[in-house]
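Peer 1:
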Amino acid sequence: MNFKYRKMENLKNMNKLIQQFVIMVFLLIGLTSCEEDVTSDISLNSVERLVIEGGIERNSGNSTQKIRLTKTLPFLTNSSNPFVSDATVTITDGTTTWNLIHTQNGFYETNSLLPQIGKTYTITIVWNNETYTGSDTLSEVPPFDNFYYEFEEETLFTDEGYFLKFDTTDPVGVENYYYYRVFKNNIFTIVPDPGNAETLIVSDKFFDGQQRVGINPNEEVSFVVGDLAKAQQLGISKKYYQFLFELFTQTGNQGISFIGNPPPATIKSNVVNITNPKNRILGYFYAVDVEEDSILIE
């Protein structure tokens, strides 16, 4: 599987989480408004909202930088095409501006942007006569010190199988945030779970400057002999960490408030509509640094 297809799969899997969140919000509104005529509910007949996925990835093994634009579809619509193909998309670092070209299914790409540590990247999207803009800063990620796998017996919380592990050393005196992604046979794998907000993303608040040994990047993903296992450690911004924390929390608890979980609420994007602020965009535009490795389970 080539790098371009793998990055497309990453965006598709994250899109599933965002779609789950949107559907969850709509369903909860319906459940908590049972006495109203749902066919006239604004959430069922609302205007289309733009959804952004993806961003800039340094050292991901893919020279193509891409984002994806889709749109929400009201429950009562007959349309089945959520892809946005008629937007104008640019990214700038304050000095150079790159034009992203639509290729297929809402993907906008450029091959000429080489991400740099410490740079702040700003995206501008013009669609339906409205302009959206947002920024993220690229933070450096430390390398793996060791990368390996271990066999673990079945427990109450995990299946029997082989699990990826790695050791890594956090930089001293630098505020760092990490996001872990695991691939099984080159397919990005993530399961909605309440624990994702505590395990797939972490802050170095309690281990600044320390070496961490035996990190399992995703306890929900086990492997068998013959599998190709890959993990990525992403250096992310604080704002992206906060976005993912809310996303993983809400997709994990399913918003079932009567068992103690809070109902879903709108997760604030870092991209804003400067033409019509009330018509908010969904999703996040990120800039991340990637450390990755892979190993064959034997």
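The numbering of the sequence shown is the working numbering, which starts it at 163 and goes up by one. Yeah, the Cβ is synthetic: ideal placement off N, Cα and C, and Gly gets one too. This structure is a prediction, so every number in the text was calculated from the model and none was measured.
1. Restricting to runs no shorter than 4 residues, where is the alpha helix (DSSP H) found entirely within the segment 349–389?
2. Taking 6 Å as the limit between beta carbons, can you name the residues of its chain near Glu-314, skipping five residues before and five after?
3. Secondary structure at Lys-346, three-state DSSP: helix, strand or coil?
4. Just the C-alpha distance for Glu-381 and Asn-308, rounded to the nearest angstrom, thanks.
5. Relative to the C-alpha of Lys-367, which candidate in Val-353, Lys-400, Gly-388 has its C-alpha closest?
6. Would Ile-279 be called buried (16 or more neighbouring beta carbons within 10 Å of its own) or exposed?
7. With distances taken Cα to Cα, identify the nearest neighbour of Ile-398 among Gly-216, Arg-211, Gly-388.
8. If you compare alpha carbons, which of Val-251, Phe-328, Val-386 is closest to Thr-284?
9. Just checking Ile-398 against the ligand SAM - is the residue's beta carbon closer than 7 Å to any of the ligand's heavy atoms?
10. Taking contact to mean 3 or more Cβ pairs, one atom from each stretch, closer than 8 Å, check whether the segment 402–415 and the segment 373–389 are in contact.
11. Note down the Cα distance separating Phe-407 from Leu-300, rounded to an integer number of angstroms.
12. Assign Phe-269 to one of three DSSP states: helix, strand, or coil.
13. Take every Cβ of the segment 209–229, pair it with every Cβ of the segment 433–443, and state whether three or more of those distances are shorter than 8 Å.
14. Could you check whether Arg-230 and Val-452 sit closer than 8 Å to each other, using their CB atoms as the reference points?
15. State the Cα-Cα distance for the pair Gln-395 and Pro-354, rounded to the nearest angstrom.
16. Do you know whose CA, among Glu-271, Asn-432, Phe-319, Asp-298, lies nearest Ala-249's CA?
17. Would you decide whether Tyr-311 is buried or exposed? Buried here means 16 or more other CB atoms lie within 10 Å of its CB.
18. Checking 8 Å against the spacing of the C-beta atoms, do Asn-358 and Phe-410 come in under that value?
19. Shortest alpha-carbon distance to Thr-226 belongs to which of Thr-232, Ile-218, Lys-233?
Peer 2: Taking the definition as stated:
1. Listed in chain order, the alpha helix (DSSP H) elements of length 4 or more contained wholly in the segment 349–389 are 358–361.
2. If we look at Glu-314 and ignore the five residues flanking it on each side, its Cβ neighbours are Phe-325.
3. Here Lys-346 sits in strand by DSSP.
4. Going from the Cα of Glu-381 to the Cα of Asn-308 covers about 18 Å.
5. The residue with the shortest Cα to Cα distance from Lys-367 is Lys-400.
6. Around the CB of Ile-279, fewer than 16 other CB atoms lie within 10 Å, so the residue is classed as exposed.
7. Nearest of Gly-216, Arg-211, Gly-388 to Ile-398, Cα basis: Gly-216.
8. With distances taken between Cα atoms, Thr-284 lies closest to Val-251.
9. By its list of ligands, the structure shown contains no ligand whatsoever, and the ligand SAM lies outside what it can speak to.
10. In short, these stretches do not touch, since the Cβ pair count stays below three.
11. Their backbone Cα atoms lie some 19 Å apart in a straight line.
12. In this structure, Phe-269 counts as strand in the three-state DSSP scheme.
13. At 8 Å Cβ cutoff, the stretches touch.
14. Inclusion of Val-452 and Arg-230 in the CB contact set at 8 Å is not warranted, their separation being larger than that value.
15. Here the alpha carbons of Pro-354 and Gln-395 stand approximately 19 Å from one another.
16. Nearest C-alpha to Ala-249: Glu-271.
17. With a 10 Å radius around the Cβ and a threshold of 16 neighbouring Cβ atoms, Tyr-311 comes out buried.
18. Cβ atoms of Asn-358 and Phe-410: closer than 8 Å.
19. When C-alpha distances from Thr-226 are compared across Thr-232, Ile-218, Lys-233, the shortest belongs to Ile-218.
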